[in-house]
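Peer 1: For reference, the structure I am asking about is given below.
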Amino acid sequence: MPSMLNSRRASQSLSFIIVGGSISGLACAYTLSRAGHQVTVLEKGDGKNECGVRSPPNMTRILQDWGLQGTIEEVGVKASATVFRAAATSEKVGILQYHPQIMEALRADLWYLPYGFLWSELYKLAVKAGADVRFNAKVAGVDPEEVVVTTDRGEQFRGDLIIGADGSDSVIRRVVVEDELSGTPDPLVTFSTFIPTELMKKDTELQYLVNGEPDWNIWLADGCCLHGHLTRSREYYTMVAVVPADPKGFQPNWDERYSPEDLNLDLSKFHPSLRRLWNLARTVIPTKYVVHEPFSNIVHEDSKVLLVGDAAQTTPPQFHHSYSMGIEAAATLGNLFSRLRNRDQADTLVTAYEEIRQPRITHTFRSEDGRYRFITFPDGPEQQVRDAGLQVALQNSQLDWDDADEEYLRAVWDDYIAMFNYDASEAVDDWWTMWGSLM
């Protein structure tokens with residue numbers, strides 16, 4: 001039985017104030033409430049958005065542990081492969097097959113989920129566990145020494161610990177991280193949308209995206225890309241454009257909404273069918289990618305304020321681990337603070353959280369940012385090397401598992417396995433085995 005699901009509850013209850021009620025915030029609210037703590041969540045809006053979520057195996061295993069596998073299967077779409085396509089023709093130029101043998105060894109699959117579904121399920125879990133979730137409570141300031149959060153309406157909330165789960169433009173991060181403003185906006189902006197598949201079926205050149213294998217399709221162009229996949233029981237297609245735009249006009253969050261006509265994106269490098277697909281969208285969410293090297297700390301020096309999810313790191317928007325890192329952080333905190341025996345141990349557990357998460361955050365940034373660069377190479381030597389490698393992958397994909405070259409499989413899958421096989425609760429158990437006896 002996974003450690004997150006045992007009956008262990010803290011001997012001493014603490015009061016947590018979580019700033020941000022999206023996926024990361026609600027996940028933390030659930031695990032900490034379940035561990036016996038008092039949790040208040042302050043969300044500036046209603047917490048919802050219309051994006052898609054990719055749940056890699058490291059995240060899916062945690063959601064399974066939380067009892068969500070049945071509902072994942074009900075509304076999600078299980079991924080079969082990542083398919084690389086030429087932007088101008090939509091021709092398949094490469095593939096990463098999610099071989100059943102590998103996914104079985106990872107004990108979970110990669111799923112495409114609608115954001116609203118996952119948010120609703122986590123909200124129900126958090127509230128049932130005892131969390132108090134407050135909407136339209138925008139945080140204006142935080143006092144890390146007094147452990148007080150103040151909203152823009154002047155309401156004050158005092159706790160033992162504050163968790164910043166308020167995303168890439170985090171208010172809490174500004175208090176915790178000294179080099180918070182050192183990031184560089186990427187020249188590409190991510191634009192995300194949902195498209196009903198019923199509309200796509202009317203276009204013969206788009207039907208393969210609806211009726212074919214549930215792939216994550218990535219259309220590679222000169223210095224930009226489109227990518228997308230099915231979601232919500234194949235009723236919708238999540239579409240993402242990563243294209244040049246003035247980052248000054250957009251924010252590193254999910255708050256703004258536009259119509260495709262208002263944005264007038266230059267998609268001339270892509271096949272006409274893809275431009276037609278994009279024009280089927282009704283609402284588009286832009287997100288700029290502010291690139292930070294991993295922060296030197298994710299915990300305030302007083303050990304009373306800490307960061308989770310996008311507040312603790314930067315990863316490319318709408319990528320493999322955009323949401324899994326917040327889920328992992330929640331599993332880590334829930335496991336750690338279920339072991340609390342007295343209030344004096346809180347600072348040590350906060351420090352443990354940072355020690356456990358920082359190496360994982362660094363590895364994830366390197367992996368995710370590297371893959372982001374890989375699919376947005378401008379035409380040139382790097383792009384040519386990439387395309388040659390994709391051709392090899394395409395040839396190998398036609399072989400049975402037993403016939404595929406072992407060295408090739410290892411080269412392709414080593415980093416994916418390192419990312420997908422991470423077990424957040426096991427990392428806590430390992431830390432506790434080493435240091436728990438000293439507490």
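Per the UniProt record's numbering, residue 1 is the first one in the sequence shown, and the count goes up by one each step.
All residues carry an ideal CB built from backbone N, CA and C; glycine is no exception.
Where are the alpha helix (DSSP H) runs, 4 residues long or more, that stay fully inside the stretch 294-330, in chain order?
Peer 2: Counting whole runs of 4 or more residues, the stretch 294-330 contains no alpha helix (DSSP H) stretch at all.
Peer 1: Hey, would you say residue 103 sits closer than 8 Å to residue 327, going by beta carbons?
Peer 2: Going by C-beta atoms, residue 103 is not nearer than 8 Å to residue 327.
Peer 1: Let me check one thing: in DSSP terms, what residues is residue 236 bridge-paired to?
Peer 2: In DSSP, residue 236 forms a bridge with 196, 231.
Peer 1: Indicate the three-state DSSP secondary structure (helix, strand or coil) for residue 78 in the structure shown.
Peer 2: Residue 78 falls in the strand class under three-state DSSP.
Peer 1: In whole angstroms, give me the CA-to-CA distance for residue 216 and residue 78.
Peer 2: Computed Cα separation, rounded: 10 Å.
Peer 1: On the DSSP letters alone, give me the boundaries of the alpha helix (DSSP H) that residue 100 sits inside.
Peer 2: Unbroken alpha helix (DSSP H) run through residue 100: 100-106.
Peer 1: Return the first residue and the last residue of the beta strand (DSSP E) that residue 374 is part of.
Peer 2: Premise fails: residue 374 lies in the alpha helix (DSSP H), 346-374, not in any beta strand (DSSP E).
Peer 1: Does the contact criterion of 3 or more C-beta pairs under 8 Å hold for the stretch 369-380 versus the stretch 426-438?
Peer 2: Counting Cβ pairs under 8 Å, fewer than three are found: no touch.
Peer 1: Measuring CA to CA, which of 22, 421, 30, 23 is closest to residue 337?
Peer 2: Of the listed residues, the one whose Cα sits closest to residue 337 is 30.
Peer 1: In the DSSP assignment, the alpha helix (DSSP H) including residue 245 goes from what residue to what residue?
Peer 2: Neither: residue 245 is in no alpha helix (DSSP H) and is coded neither H nor E.
Peer 1: How far does the beta strand (DSSP E) with residue 114 in it reach, from first residue to last?
Peer 2: Residue 114 -> beta strand (DSSP E) spans 111-114.
Peer 1: I think residue 134 touches residue 274, with their Cβ atoms under 8 Å apart; what is that distance to the nearest whole Å?
Peer 2: That belief does not hold up - the Cβ atoms of residue 134 and residue 274 are roughly 42 Å apart, past 8 Å.
Peer 1: Could you work out which residue in 131, 115, 26 is closest to residue 37 when comparing CA atoms only?
Peer 2: The shortest C-alpha separation from residue 37 is found at 131.
Peer 1: With residue 376 and residue 249 assumed to form a contact (beta carbons below 8 Å), what rounded beta-carbon distance in angstroms separates them?
Peer 2: Residue 376 to residue 249, Cβ: 19 Å. No contact.
Peer 1: Going by DSSP in three states, residue 432 sits in which element: helix, strand or coil?
Peer 2: Reduced to three states, the DSSP call for residue 432 is helix.
Peer 1: I'd like to confirm the pairing. Which residues does DSSP put opposite residue 380 in its beta bridges?
Peer 2: Residue 380 pairs with nothing; no bridge assigned.
Peer 1: Which of the three DSSP states, helix, strand or coil, is assigned to residue 157?
Peer 2: Residue state, collapsed to three classes: strand.
Peer 1: For residue 317 and residue 190, I'd like the C-alpha separation in whole angstroms.
Peer 2: So the alpha carbons of these two residues sit roughly 7 Å apart.
Peer 1: Helix, strand or coil for residue 136? Go by DSSP, reduced to three states.
Peer 2: The answer is coil: DSSP assigns residue 136 none of H, G, I, E or B.
Peer 1: Rounded to the nearest angstrom, what separates residue 219 and residue 418 at their Cα positions?
Peer 2: Roughly 26 Å between the two C-alpha positions.
Peer 1: Report the rounded CA-to-CA distance for residue 264 versus residue 303, giving the unit in angstroms.
Peer 2: Taking the straight line from one Cα to the other gives about 46 Å.
Peer 1: Can you name, in chain order, every residue of its own chain whose Cβ lies under 6 Å from the Cβ of residue 11, other than the five neighbours on each side?
Peer 2: Counting only Cβ-Cβ distances below 6 Å, and skipping sequence neighbours, we find 341.
Peer 1: For the stretch 193-201 and the stretch 231-251, state whether three or more C-beta atom pairs, one from each stretch, are separated by less than 8 Å.
Peer 2: Verdict: yes, contact present.
Peer 1: With a CB to CB cut of under 7 Å and the five nearest residues on each side skipped, what residues in its chain are close to residue 2?
Peer 2: No answer about residue 2 holds up, because its pLDDT of 40 lies below 50 and its placement is not dependable.
Peer 1: Hey, how far is the Cα of residue 13 from the Cα of residue 278?
Peer 2: Approximately 50 Å, taken between the alpha carbons.
Peer 1: Please list the terminal residues of the continuous beta strand (DSSP E) segment that includes residue 289.
Peer 2: Residues 285-291.
Peer 1: Applying the criterion that 16 or more other CB atoms from any shown protein chain within 10 Å of the CB defines a buried residue, is residue 55 buried or exposed?
Peer 2: Residue 55 should be labelled buried.
Peer 1: Is any beta-carbon of chain D found at less than 8 Å from that of residue 306?
Peer 2: The structure shown contains no chain D; it is built from a single protein chain.
Peer 1: Determine the contact status of residue 112 and residue 52, defining contact as a CB-CB distance below 8 Å.
Peer 2: Contact flag set, yes.
Peer 1: Which same chain residues end up closer than 7 Å to residue 258 when comparing Cβ atoms and leaving out the 5 residues on each side of it in sequence?
Peer 2: Around residue 258: 284, 286.
Peer 1: In angstroms, rounded to a whole number, what distance separates the CA positions of residue 70 and residue 182?
Peer 2: Cα to Cα, residue 70 sits roughly 43 Å from residue 182.
Peer 1: Less than 8 Å separating the beta-carbons of residue 253 and residue 169?
Peer 2: Yes, the Cβ-Cβ distance between residue 253 and residue 169 is below 8 Å.
Peer 1: Is it the case that the Cβ atoms of residue 24 and residue 330 are separated by a distance below 8 Å?
Peer 2: Against a cut-off of 8 Å, the Cβ pair of residue 330 and residue 24 comes out as a contact.
Peer 1: How long is the line joining the alpha carbons of residue 138 and residue 201, rounded to whole angstroms?
Peer 2: Going by the C-alpha atoms only, they are around 42 Å apart.
Peer 1: Going by C-alpha distance, which of 358, 364, 260, 81 is nearest residue 324?
Peer 2: Among 358, 364, 260, 81, the Cα nearest to that of residue 324 belongs to 364.
Peer 1: Evaluate the contact criterion for the stretch 306-313 versus the stretch 171-179: three or more CB pairs, one atom per stretch, below 8 Å.
Peer 2: Taking 8 Å as the limit for Cβ pairs, the verdict is that the stretch 171-179 does touch the stretch 306-313.
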